[in-house]
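If you read the sequence shown in my numbering, its first letter stands for residue 825, the second for the next number, and so on.
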Amino acid sequence: SERAPFSIAKAFARKVGAKGWIGMTWPKEYGGHERSHLERYVVIEEMLAHRAPTRAYSTADRQSGPVILRYGQEEIKRSIVPRIASGELCFCIGLSEPNSGSDVFAASTRATKTDGGWLVNGRKIWTSNAHNSDYMIALLRTSPPTEENRRHGLTQFLIACKSPGITIRPIVNLTGGHDFNEIFFDDVFVPDLHLIGDIDMAWKQATDELAYERSGPDRWLETITALTELVRVAGPQPGEKLAEGIGREVAHLATLRRMSASVAGMLQAGKTPAVEAAVVKDLGTNWEQALPNKVRLMAPPVGDSDPDTNDDRFEQALRHTTLIAPKLTIQGGTREVLRGIIARGLGLR
C-alpha cells in the first residue's frame, strides 16, 4: 500500500470518504458522522490489516482535522474540514526542523506579522507526503521563549503547500521510496484567517496533536506483514518451537491492541491522553521495530515451509519491513522524548 502510486491513494481516499469513514467522530455540521472513537478504531485496524493505501487521508483524519476543529477559526472549519471528510484534501505536518530533531518546541522557523497575515521563513524536515499535500499545519516561532516557559512563543498555522515561496526537496528513504521531504519557506504569506489557536501558545495544541498521532494502531502495525507472512509460510501445523514463538508475538500484539483501544476510549470520553498515548507508542514501536528480526530468526529454513506457500512473498515482506524498521522509534517522537513525557506525567521530572 505504501508503494502504491499516489493517484491510487487519492482515488481510494475519495471512496473511503464517500463511505463515511473519514472524520467518523467529527460533528455532522462539519462533514463528520458523529460515530464513536472505538468505531473509528475498528475501521483503521481493518484498513491496516488489508494494507489499504490510506496515505492520502490518514494524517488529516488522524490529527489535522481534529486540531482544526478544536482550535481553528469558524470560517476555516466550515471550508476545510468537510473537504477532508470527503477525501478531497491531503495534509502533512510541519513540526521537525534540521537543527532541533525531535525537540519540536525548539522550532526556529519564524512567522513575522505583516499586513493581513504573516510571513514565514525557515525550514522543516522529515515532512511525510508534503509533495502530495494540499495543506500543512506548521508549528512556527512567533516570539522568543521565556525563562519560565521554553515552550512559549510558538503558534500553529494552516499553510497551503502550493503557496509562492515554498520549495519542497525530496528525501529518498532506505527502500528507495520518496515519502520524506525537506521544506524551505522564503517569505511565504499566510493570511490571518489561517492562524490556528492562540498566538504564542501552541505548545498545548501541538501536545494534543501528537496524542492523536501516537495512540492509534497505525503506530505499531507497520511491520505486521512480517508476522502474518510467517504464519502463512509456517502452515497449519508449525513445529513446537515456531508455534511458541508466534504465540509469544501474538500475545504482545493482543496486549498492545488492548492498550491502544483503551486510549480510543479515553478520547471518546473527551480526555487528552498524552501520557497514555506516549506509553502505547513507546511499547508499540519498540515491538514493531524488533519484529522483522524476530521473524527472521523464527522462519523455517528454505524448503521446509508449507509446500503450498509462496516463499518469495514472505521474503519480500521481510525485506521491506527490515528496511523501514529503523525509522519506527523516531517518527512521531523518539523513545527519549516519549519517556520524558511519561516521566513528567508521573511527576518524576
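By construction, the Cβ of each residue, glycine as well, lies at the ideal position given by its N, Cα and C atoms.
Specify the secondary structure class of residue i as computed by DSSP and reduced to three states.
| i | result |
| --- | --- |
| Leu-982 | strand |
| Arg-859 | coil |
| Trp-1027 | helix |
| Met-848 | coil |
| Lys-948 | strand |
| Pro-1176 | Only positions 825 to 1173 of the chain appear in this structure, which leaves residue 1176 out of reach. |
| Glu-1006 | strand |
| Glu-898 | helix |
| Pro-1015 | strand |
| Tyr-854 | helix |
| Tyr-959 | strand |
| Thr-1079 | helix |
| Ala-828 | coil |
Whole angstroms is fine: what's the gap from residue i's alpha carbon to residue j's?
| i | j | result |
| --- | --- | --- |
| Pro-1116 | Pro-829 | 25 Å |
| Ala-1114 | Arg-1120 | 10 Å |
| Phe-929 | Leu-978 | 8 Å |
| Phe-836 | Ala-842 | 10 Å |
| Ala-873 | Pro-988 | 39 Å |
| Trp-850 | Gln-1061 | 46 Å |
| Lys-1065 | Ala-1123 | 11 Å |
| Trp-942 | Ile-1148 | 37 Å |
| Asn-1005 | Pro-1150 | 17 Å |
| Arg-1082 | Leu-1107 | 12 Å |
| Gly-1157 | Leu-963 | 15 Å |
| Arg-1163 | Pro-1015 | 37 Å |
| Glu-972 | Gly-1169 | 19 Å |
| Phe-1013 | Asp-958 | 16 Å |
| Arg-864 | Asn-1110 | 24 Å |
| Arg-875 | Pro-969 | 42 Å |
| His-976 | Pro-890 | 22 Å |
| Tyr-895 | Tyr-881 | 20 Å |
| Glu-1160 | Asn-956 | 30 Å |
| Gln-1029 | Ala-1075 | 35 Å |
| Pro-1125 | Thr-1047 | 21 Å |
| Val-840 | Lys-1095 | 27 Å |
| Gly-1171 | Pro-1097 | 16 Å |
| His-857 | Glu-1068 | 43 Å |
| Lys-986 | Asp-1135 | 44 Å |
| Asp-939 | Ser-967 | 18 Å |
| Arg-1173 | Glu-912 | 43 Å |
| Gly-1001 | Arg-974 | 36 Å |
| Gly-1089 | Pro-922 | 36 Å |
| Gly-1063 | Met-871 | 31 Å |
Could you work out which residue in the options is closest to residue i when comparing CA atoms only?
| i | options | result |
| --- | --- | --- |
| Ile-1154 | His-1144, Arg-1043, Leu-1172 | Arg-1043 |
| Leu-1019 | Tyr-881, Thr-936, Phe-929, Gly-844 | Thr-936 |
| Glu-1073 | Ser-1086, Leu-919, Thr-1049, Gly-1089 | Thr-1049 |
| Ile-917 | Lys-852, Thr-951, Thr-849, Thr-1158 | Thr-951 |
| Thr-1079 | Ile-908, Pro-1041, Glu-1068, Thr-878 | Pro-1041 |
| Asp-885 | Ile-846, Ser-903, Gln-897 | Ile-846 |
| Arg-1137 | Ile-1166, Asp-958, Glu-1053, His-1076 | Glu-1053 |
| Val-866 | Pro-922, Ala-1085, Thr-1031, Arg-1159 | Ala-1085 |
| Glu-853 | Met-871, Pro-906, Lys-986 | Pro-906 |
| Thr-883 | Arg-894, Gly-1021, Met-960 | Met-960 |
| Pro-877 | Ser-831, Ser-910, Ala-1026 | Ser-831 |
| Asn-997 | Arg-1173, Gly-1063, Thr-1146, Gly-844 | Thr-1146 |
| Lys-1118 | Gly-844, Ser-910, Glu-870, Leu-1051 | Leu-1051 |
| Ala-1026 | Leu-982, His-1002, Gly-1001, Glu-1068 | Leu-982 |
| Gln-980 | Arg-934, Lys-986, Thr-938 | Arg-934 |
| Ala-984 | Gly-940, Ile-904, Leu-1172 | Ile-904 |
| Gly-844 | Glu-870, Ile-868, Ser-910, Ala-1075 | Ser-910 |
| Glu-1037 | Thr-1047, Ala-1101, Gly-1094 | Ala-1101 |
Determine the contact status of residue i and residue j, defining contact as a CB-CB distance below 8 Å.
| i | j | result |
| --- | --- | --- |
| Gln-887 | Glu-1033 | yes |
| Ser-924 | Lys-948 | no |
| Arg-965 | Ser-932 | yes |
| Val-1057 | Ile-1070 | no |
| Glu-900 | Ile-908 | At residue 900 the sequence reads Ile, which differs from the Glu that was named. The answer is no: Cβ separation not under 8 Å. |
| Leu-1142 | Glu-1112 | no |
| Arg-859 | Met-848 | yes |
| Ile-990 | Phe-1009 | yes |
| Val-1245 | Ile-1166 | Residue 1245 cannot be examined here, being either before or after the span of the chain that is shown, 825 to 1173. |
| Gln-897 | Leu-1077 | no |
Give me the Cβ distance between residue i and residue j, rounded to the nearest whole Å; I'm assuming they're in contact under 8 Å.
| i | j | result |
| --- | --- | --- |
| Cys-914 | Asn-953 | 7 Å |
| Ser-1039 | Val-1099 | Wrong, their Cβ atoms sit about 11 Å apart, outside the cutoff. |
| Ile-1007 | Ile-995 | Going by Cβ atoms, the distance from Ile-1007 to Ile-995 rounds to 11 Å, so no, they are not a contact pair. |
| Ala-833 | Arg-879 | 5 Å |
| His-1144 | Thr-1031 | With a Cβ gap of about 32 Å, His-1144 and Thr-1031 do not count as contacting. |
| His-861 | Leu-1091 | 5 Å |
Using a beta-carbon distance below 8 Å, is residue i in contact with chain B?
| i | result |
| --- | --- |
| Arg-838 | No chain B is present in this structure, which holds just one protein chain. |
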